[in-house]
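Peer 1: Residue 54 is where the sequence shown starts when you use the working numbering, and the numbers rise one by one after that.
Every residue gets a Cβ at the ideal spot worked out from N, C-alpha and C, and that includes glycine.
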Amino acid sequence: MLKYSREVIYMIKFGTDGWRAILDKDFTDENVERVTLAIGKYIYDNYGFEKLVIIGYDPRRKADYFAKKCAELLAQKGFSVKLSSRVIPTPVLAYNAKLLNASAIMFTASHNPSDYLGMKYIPDYAGPATSEITDEIVSNIDKEFSSRIGGSVEVVDFSREYYEHLQVLIDFEKVKTLKTNIVFDGLYSASIGYFDKILDAYGIKYEALHMKHDSSFGGGMPDPKPKYLSELIKKVGSQPNTIGLANDGDADRFGVINENGEYVSPNEVIAILLKYLKSKGYSGSVVKTVGSSILIDNVARILGVDVIETAVGFKHVGEAMRLNDVIIGGEESGGLSIQGHIPEKDGLIANLLILEAMADTKKSLVELQDEIYKLGGKFYTDRIDLKKSDKSEVIPILDIFKKLTKIGNYEVTDLNLMDGVKLMLGSNSKILVRPSGTEPLLRIYFETDSIEKLESLKQEVDKILL
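1. Where does V343 sit, in a helix, a strand or coil, going by DSSP?
2. Of all the options K232, I92, A243, which has the alpha carbon lying nearest to the alpha carbon of S192?
3. Kindly list the residues whose CB is nearer than 7 Å to the CB of V206, restricted to its own chain and excluding five residues on each side of it in sequence; keep chain order.
4. Within the same chain, show all residues whose beta-carbon is closer than 8 Å to that of N377, passing over the 5 residues directly before and after it, in chain order.
5. What does a CB cutoff of less than 7 Å around G203 pick up in its chain, not counting 5 residues either side in sequence?
6. Say whether the stretch 347-358 touches the stretch 299-314, bearing in mind that this needs 3 or more beta-carbon pairs closer than 8 Å, one atom from each stretch.
7. Quick check on the DSSP output: what are the complete beta strand (DSSP E) runs of length 3 or more inside the stretch 408-471, in order along the chain?
8. With the cut-off set at 8 Å, would you say E398 and D472 are in Cβ contact?
9. Do I425 and I296 have their CB atoms nearer than 8 Å?
10. What does DSSP give as the partner residue(s) for A261 in the beta ladder?
11. Using CA coordinates, which residue listed in K475, Y329, S156 is at the minimum distance from K456?
12. Might you give, ordered along the chain, the residues of its own chain that have their beta carbon closer than 6 Å to the beta carbon of T342, omitting 5 neighbours on each side?
13. Have a look at the DSSP bridge pairing and note the partners of R73.
14. DSSP three-state label for N300, please.
15. So which of S156, L518, N481, E505 has the shortest CA-CA distance to I497?
16. What are the uninterrupted segments assigned as alpha helix (DSSP H) that are 4 or more residues long and contained completely in the stretch 174-249, given in chain order?
17. Going by DSSP, name the residue or residues bridged to G68.
18. Based on the DSSP secondary-structure assignment, which residues constitute the bridge partners of P488?
19. Return the residue from the list E185, K258, S318 that minimises the CA-CA distance to H369.
20. Note down the Cα distance separating D539 from E260, rounded to an integer number of angstroms.
21. How is the alpha helix (DSSP H) around V365 delimited, first residue to last?
22. Which residues in the same chain have their Cβ closer than 6 Å to the Cβ of E90, if we skip the five residues on either side of it in sequence?
23. Could you name the residues that DSSP lists as bridge partners for Y316?
24. Can you grab the Cα-Cα spacing for the pair P488 / H263, in whole Å?
25. Would you identify the three-state DSSP class for G535, choosing helix, strand or coil?
26. In this structure, how does DSSP classify F160 when only helix, strand and coil are distinguished?
27. List the endpoints of the continuous beta strand (DSSP E) containing Y97.
28. Near T69, what residues of its chain come up, given a Cβ to Cβ distance below 8 Å and the 5 sequence neighbours on each side ignored?
29. Restricting to Cα atoms, I'd like to know which of L170, V145, E409 is closest to E67.
30. If you draw a straight line from the C-alpha of Y464 to the C-alpha of L406, how long is it?
31. Compute the beta-carbon to beta-carbon distance between A179 and P396, rounded to the nearest angstrom, for a pair I have assumed lies under 8 Å.
32. Ends of the beta strand (DSSP E) at I380?
33. Excluding the five sequence neighbours on either side, which residues of its own chain have a C-beta within less than 7 Å of the C-beta of F225, listed in chain order?
34. Am I right that G430 and N481 are in contact with their C-beta atoms under 8 Å? What's the rounded C-beta distance?
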């Protein structure tokens, strides 16, 4: 075991999706060992050494190295460990956690910059660990626990079982009838070797970009948003009847570009797929976060689907999916999952479902967007990040927004304090003010049904902040 030589031991914190830190600064051998053993103690205390542990990693620098070290440490303690033989998407590892009744550890920093790495603990229910679980893991850091002889590490490929599961969820024969051209941007991410192989297996034609694993992600960010999808957008826009698909660094988020070369927001994708799955006979609720669009609420209401709202973070969405009968659950940052799948966001499933919806309805993506606009309205969004010098300066601003009954000419019709302060301004406008969990920062989200109203709301909030 390593001897912790620092005078001040680095304090490890788990955020909404695990522990992340800058590689070689705080994400070090020493701290990975501390977190690994804390997770090991959690597993031992709650399940014993009989619990299988599975470990995976994304394409980031040293992710494979740390995954192997983690596996060896847990095997030395006495656990049986299965280590992925190659880069693996988070949802593929998560599915195997459920299939194998295993605890999973994923080395990833998702869509964060390339100098970050992280560790994510995934319980056997195959969704993000709840706060109760991560709090227990953090409390275990630097505490000892028993060992036994007989641990082992087996290197395996986890893909086959996931691919077989997809055959239950996706109508690939229907997808093969799609007449639209597909461009897949691998974005140097974990989806390479998985999403492309799925399309290849069913003879679904596509063009591809950035199809190699690169720990620096081509000098960009592994985040499937317009800013980092410029080449995909240009490619799609240069030829008719073409859409673009992408995933983030560990393939749990998705990015979709329509036939006009326009980014389709995650909120719109969730609404499109809710409507499509309901038409296929799916029943249940839709789960969305407080930050997700009013569009989803409106479409759900017209379809006769109940809405379950959670705090921001897929761990909350996933928990609601485990406790309720849910058609689809999703969040505004690009994660979703569906009934019959795992309570973890899956960018591969999201992309495949878009293709199936287009093929089954024989409609373009632009037409599917227009349909949901007619159902639920078209919305415009923006966000302001307000940095403060100290977290103590954040609370008074939240208190100001809690007490508002009017913003300019807009009456506050509903107040939601589930996660920050969410103010409904009639049926088609909202403002959400949320503090960052890691820094003295307030995020202020705006949503309304016209550009003019959006600018007006931003101006009114500027006055409040002044």
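Peer 2: In short, the structure shows the following:
1. Sequence index remark: in the sequence shown, residue 343 carries index 290 (1-based). Coil, per DSSP.
2. The sequence position of residue 192 within the sequence shown is 139, counting from 1. For S192, the nearest C-alpha among the options comes from I92.
3. As a working note, residue 206 is residue 153 in the sequence shown. Excluding sequence neighbours, V206 sits near A124, E125, A128, V134, L136.
4. Here residue 377 refers to the residue found at position 324 of the sequence shown. G337, S338, V340, I361.
5. Start at 1 with the first residue of the sequence shown, and residue 203 comes out as number 150. Once the five neighbours on either side are set aside, the close Cβ partners of G203 are G131.
6. no
7. 433-440, 467-469
8. Residue numbering aside, residue 398 sits at position 345 when the sequence shown is read from its first letter. Residue numbering aside, residue 472 sits at position 419 when the sequence shown is read from its first letter. The question names Glu, but residue 398 in the sequence shown is Lys. No, these two residues do not count as a Cβ contact at 8 Å.
9. One-based indexing of the sequence shown puts residue 425 at position 372. One-based indexing of the sequence shown puts residue 296 at position 243. Not closer than 8 Å, so no.
10. The count along the sequence shown starts at 1 and reaches residue 261 at position 208. F237, per the DSSP bridge assignment.
11. As a first step, residue 456 must be located in the sequence shown, where it is residue number 403. Cα-wise, what sits closest to K456 is K475.
12. Counting from 1 along the sequence shown, the entry for residue 342 is found at position 289. T363, V365, E384.
13. Your numbering for residue 73 matches position 20 in the sequence shown. Paired residues: G171.
14. Position 247 of the sequence shown, counted from the first residue, corresponds to residue 300. Look at N300 here: in three-state DSSP terms it is strand.
15. As a working note, residue 497 is residue 444 in the sequence shown. Nearest option by C-alpha distance: L518.
16. Runs of the alpha helix (DSSP H) inside the stretch 174-249: 184-193, 212-222, 225-228.
17. Here residue 68 refers to the residue found at position 15 when the sequence shown is read from its first residue. The partner list for G68 (beta bridge, DSSP) reads G71.
18. Translated into positions along the sequence shown, residue 488 becomes position 435. Its beta-bridge partners are L495.
19. Mapped onto the sequence shown, residue 369 falls at position 316. If we check each option's Cα against that of H369, E185 comes out closest.
20. Here the chain covers residues 54 to 519 and nothing more, so residue 539 does not appear.
21. Counting from 1 along the sequence shown, the entry for residue 365 is found at position 312. Careful: V365 lies outside any alpha helix (DSSP H) and carries neither H nor E.
22. Mapped onto the sequence shown, residue 90 falls at position 37. A small fix is needed here, since residue 90 is Leu in this sequence, not Glu. Excluding residues within five positions, none has a Cβ falling inside 6 Å.
23. In the sequence shown, residue 316 corresponds to position 263, counting from 1. Note: Y316 sits in a beta bridge opposite I310.
24. For the purposes of this step, residue 488 is identified with residue 435 of the sequence shown, where counting begins at 1. For the purposes of this step, residue 263 is identified with residue 210 of the sequence shown, where counting begins at 1. Taking the straight line from one Cα to the other gives about 35 Å.
25. Here the chain has residues from 54 to 519 only, and residue 535 is not among them.
26. Taking the first residue of the sequence shown as position 1, residue 160 is located at position 107. In this structure, F160 counts as strand in the three-state DSSP scheme.
27. Residue numbering aside, residue 97 sits at position 44 when the sequence shown is read from its first letter. Premise fails: Y97 lies in the alpha helix (DSSP H), 82-100, not in any beta strand (DSSP E).
28. As a first step, residue 69 must be located in the sequence shown, where it is residue number 16. These residues qualify, in order along the chain: P181, V365, G366, F367, K368, G490.
29. Indexing the sequence shown from 1 puts residue 67 at position 14. Looking at the sequence shown, residue 67 is not Glu but Phe. Scanning L170, V145, E409 for the CA closest to the CA of F67 turns up L170.
30. The sequence position of residue 464 within the sequence shown is 411, counting from 1. The sequence position of residue 406 within the sequence shown is 353, counting from 1. With the sequence shown as reference, residue 464 is identified as Glu, and Tyr is not the correct amino acid for it. Approximately 39 Å, taken between the alpha carbons.
31. Residue numbering aside, residue 179 sits at position 126 when the sequence shown is read from its first letter. Residue numbering aside, residue 396 sits at position 343 when the sequence shown is read from its first letter. Yes, they are in contact, since the Cβ atoms of A179 and P396 sit about 6 Å apart, within 8 Å.
32. Along the sequence shown, one-based indexing puts residue 380 at 327. Run containing I380: 379-384, per the beta strand (DSSP E) assignment.
33. Locating residue 225 in the sequence shown gives position 172, where the first residue counts as 1. Hits under 7 Å: Y255.
34. Your numbering for residue 430 matches position 377 in the sequence shown. Your numbering for residue 481 matches position 428 in the sequence shown. Their Cβ separation, rounded to whole angstroms, is 6 Å, which keeps G430 and N481 in contact under 8 Å.
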